[in-house]
Structures are given as structure tokens and as C-alpha cells.
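Data block below; observations after.
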Amino acid sequence: MKNLDRQGILEHFEDKAAAYIANAERRAAEPFCLAHIPTRHPERMADAAWWLIQNRGRPKTAIDFGCGTGRMVKFFEVLMGVDKYVGVEQVEATFRQAQSWYAAETFINLAIQDLNPDDLPFAAPADLGFTHGVLMHVPPENIADVCANIRRLSKIQMIVEMTRQTDPATGWAPHVFKHNYHSLFGAPVYKEWLTPNKRIFIFEG
Ligand SMILES: C[S@@+](CC[C@H](N)C(=O)[O-])C[C@H]1O[C@@H](n2cnc3c(N)ncnc32)[C@H](O)[C@@H]1O
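All residue numbers for the sequence shown refer to my numbering, where the first residue is 1364 and numbers rise by one.
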């Protein structure tokens, strides 16, 4: 892994990696739709995928930024019909688990902000850049670089973020940060969906 010292959250995720993998193992044993699409309000994810395909065409190439153990692979292949999926994950243990579960896919063990066009198995930018529950964990000092690189490497961005956290005082856990995605992506929002626990944006540009 490159430049791990730049990752304000890496320590947090290294600590959590074992628990996260155990949780993903449980999910992987569940039926398709539960294992591969977030269990709460999966229909909104399907709505967003459908809207994107109808309005912008089927993405042929996609990058799943902060892919974790790769549980969204089937979301891309089955719901979005992408030809080539690439998952990018900075935590080595999590990256290795993704590789072993989805051996046919390409995973890259890098921080999002360190990914370059040459690291990709297709010509950048990808048709679709995707994040699910990732940017909320990126600290303020890194968020501009992370979002700028996502924009550089993808034509359209589908950003899925949680809107509720567990800290009863603030509603946000200490390792979770609120960001202004409208200004960070600096592009028109084509569509935005709200569910009781998440927010889905589609940006272009
Ligand atoms: C809550 S998990 C979500 C994983 C996956 N997107 C999913 O929905 O199952 C957040 C993941 O993002 C990764 N991550 C966070 N910031 C990152 C960064 N700057 N570069 C690469 N990966 C990052 C973490 O290591 C972790 O695996």
C-alpha cells in the first residue's frame, strides 16, 4: 500500500477490519439480494441504478471506490450490467478478502486519492464512479483530494452515504464526518434520493 500515512482513518479501519470481514462473511452466506445490496432500503439503490441506465446509458466500466470486501460486485454486474468492475480498497486485509471471494474481479490495494489512470485495466475515466458508505469516513483534511480523484477518474458519480449514525448526542460517531458533496463534486446533481437512512446522489462531471 502506498502513502498510508496520509490516511487519517486507516488506523480506525485496520482495527475494524476483522469485524468487518466477519460481518461480510455472514452477508455472503445470505441470499443474493441481502448479501450484495445493502439490507436496508435496497429498492432505492435499484431505483438509482435504473434511473442512471435510463438517462445516461449502461456504464461499461465502473470503479467501486472504497469497495471493502467487494459485496457490491453483484450490484454492478447484475443490476447495472457493467462489463468491467474495479474495486479500490486501502486496507490490505479487506482487499485480500475481496480478492479471494471475487477472484474473477479486479481489486486494487490503494487509497482512493493515490489511484492513477495507469493503475486501471481500462482507459480512464470510467463510465461510473461509485462509493457506498465511504466518504463519510474520510476526514476533512483528505476529503477534497479524495473527491477530486473520483471526479478525475470517472464520468458520472453515484455517491451513497448514510444519513444517520449511532451517537445519540450528535447523531454522528466520532469517526464519521459530514461533508458538502454538492460543493465537493462541483457538478450539477442530476438526481438525489433520500431513504430513512441514506442519501444517494448522481453527479456528472
Ligand atoms: C463502511 S466500509 C464500506 C465498504 C463497501 N463500500 C460496502 O458498502 O460494503 C468503508 C470502506 O472504505 C474504505 N476506505 C475509506 N476511505 C478510503 C480511502 N481514502 N481509500 C480507499 N479506501 C477507503 C475503508 O477501508 C472501508 O473498507
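Beta carbons: idealized from backbone N, C-alpha and C, even for Gly.
beta-carbon residue i near ligand 1 non-hydrogen atom, thresh 7 angstroms
{"i": "A1467", "result": "no"}
{"i": "M1435", "result": "yes"}
{"i": "T1457", "result": "yes"}
{"i": "V1552", "result": "no"}
{"i": "E1504", "result": "no"}
{"i": "V1445", "result": "no"}
{"i": "V1451", "result": "yes"}
{"i": "G1496", "result": "yes"}
{"i": "V1509", "result": "yes"}
DSSP bridge partner residues for residue i (one or two, in chain order)
{"i": "G1492", "result": "I1426, Q1520"}
{"i": "W1414", "result": "Paired residue(s): none; W1414 is not in a bridge."}
{"i": "E1555", "result": "F1564"}
{"i": "M1525", "result": "K1561"}
Buried versus exposed call for residue i [16 or more other C-beta atoms within 10 Å across all chains shown]
{"i": "D1481", "result": "exposed"}
{"i": "E1524", "result": "buried"}
{"i": "H1495", "result": "buried"}
{"i": "R1403", "result": "At R1403, the pLDDT of 49 sits below 50, so the modelled position is not reliable; the number obtained from the coordinates is stated separately. Under this definition R1403 is an exposed residue."}
{"i": "Q1417", "result": "exposed"}
{"i": "T1432", "result": "buried"}
{"i": "K1541", "result": "exposed"}
{"i": "R1514", "result": "buried"}
{"i": "P1422", "result": "buried"}
Cβ-Cβ separation, residue j to residue i (assumed contact under 8 angstroms), whole Å
{"i": "F1428", "j": "I1475", "result": "5 angstroms"}
{"i": "N1322", "j": "F1458", "result": "Only positions 1364 to 1568 of the chain appear in the structure, and residue 1322 is not among them; the question remains open."}
{"i": "M1499", "j": "V1539", "result": "5 angstroms"}
Alpha helix (DSSP H) runs contained entirely in the region 1434 to 1491, provided each spans 4 or more residues:
1455 to 1464
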